[in-house]
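When we follow the numbering used here, the leftmost residue of the sequence shown carries the number 15, and every step to the right adds one. We put the CB at the ideal spot given by N, CA and C, even for glycine. Shown next, in structure tokens, is the structure this report addresses.
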Amino acid sequence: MEYIYAAMLLHKAKKAIDEAGVKKVLEAAGLTADEGRIKALVAALDGVNIDEAIKESAVAPVAAAPAAPAAGEEKKAEKKEEKKEEKKSSEEAAAGLGALFG
């Protein structure tokens, strides 16, 4: 992501997005620059209208993900069921033992 941010900073400053510029931005941020990733980024952005891409991404509708039930609620329900089953089986066992001695 840092490489994309570096390119966006250069674009915002109206500077050319080239390998030297991206490397300088990354080094100024205290990051070590990977030459291969920089070359790939510059090649990928070659011919891309960044302003148009930003407009399109800002306008694109975001589909809301359906709310999934919380995992904690499911676990609590399972634990309650297990506890009820354990109580029943222990009560049944105690009743059976009581019949032996009663």
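| field | Span separating the alpha-carbon of Ala34 from that of Val62 | value | 19 Å
| query | Which class does Lys26 belong to by DSSP, given the choice of helix, strand or coil? | reply | helix
| task | Report the option in Gly44, Ala58, Lys28, Ala42 whose CA atom is closest to the CA atom of Ile18. | result | Ala58
| Of all the options Lys29, Val36, Ala67, Asp65, which has the alpha carbon lying nearest to the alpha carbon of Ala54? | Val36
| field | Straight-line Cα distance separating Val73 from Ala30 | value | 26 Å
| said: Which same chain residues end up closer than 7 Å to Ala21 when comparing Cβ atoms and leaving out the 5 residues on each side of it in sequence? | reply: Ile31, Val36, Leu55, Leu59
| field | Cut-off 8 Å between Cβ atoms - residues of its own chain near Leu45, not counting five sequence neighbours on either side | value | Cβ neighbours of Leu45 within its own chain (closer than 8 Å, five residues either side excluded): Glu16.
| field | Where Val62 falls: helix, strand or coil (DSSP) | value | coil
| field | Asp32 in three-state terms, based on DSSP | value | coil
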